[in-house]
Amino acid sequence: MKIYALQSLAGGFLDEDLKHFNKEFDDWCVQFESMEDAQLVLDTLNKKERIKIVEITPLSYPKYFFHKLKGIIHATREYDGKIICVVEPQMGESFRIAICDLQTKNVKVLKTRYKSAIAAEGAFANLTFDLR
1 MKIYALQSLA
11 GGFLDEDLKH
21 FNKEFDDWCV
31 QFESMEDAQL
41 VLDTLNKKER
51 IKIVEITPLS
61 YPKYFFHKLK
71 GIIHATREYD
81 GKIICVVEPQ
91 MGESFRIAIC
101 DLQTKNVKVL
111 KTRYKSAIAA
121 EGAFANLTFD
131 LR
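All the letters of the sequence shown, read from the start, carry residue numbers 1 to 132 under our numbering.
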């Protein structure tokens, strides 16, 4: 599943009014089913050189669709209908693993804390934790 959106070079996503940009991608942002549709709209906008078309795939869902998921996302992986992420909630904090359900949009951050990204990515790569 892919969707496309228009993003300013400053980082915001084009709102449905086609004039303003939202900091976070949400239901009010313009979405397209194809690159061609996005290009058609982009060609009609002023200052189009300051806007780019971005592709949003399931592995980028944590960044764009799960607003409850905060922090720096270091890695993502799709497993069993869910998106699994290695997250650093705030710079310098312990790393955690988050499970994002594509159907319910729920986010569950596992209790285990990892001191390094390598340790978190080891658990992440082995998927030895419960996904429920």
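We put the CB at the ideal spot given by N, CA and C, even for glycine.
The distance from the Cβ of I51 to that of Q7 is about 7 Å, consistent with a contact at the 8 Å cut-off. Taking C-beta separations shorter than 8 Å and ignoring five residues to either side along the sequence, the partners of L59 in its chain run T76, R77, E78 and I83, following chain order. Using a 10 angstroms sphere on the CB of L40, the tally of other CB atoms stays under 16, which defines it as exposed. Your pair A38 and Y4 checks out as a contact, with CB atoms roughly 4 Å apart and the cut at 8 Å. DSSP, read as helix, strand or coil, puts D37 in helix.
Exclusion of the five residues before and after K23 leaves G12 as the residues of its chain whose Cβ lies within less than 6 Å of its Cβ.
Rounded to whole angstroms, the separation of the alpha carbons of W28 and G71 is 23 Å. Residues Y4 and A38 of the same chain have their beta carbon placed closer than 6 Å to that of F32, with the five preceding and five following residues left out of the count. DSSP places E55 in the uninterrupted beta strand (DSSP E) bounded by I51 to I56.
Within the segment 1-38, the complete beta strand (DSSP E) segments at least 3 residues long are 3-8, listed from N- to C-terminus.
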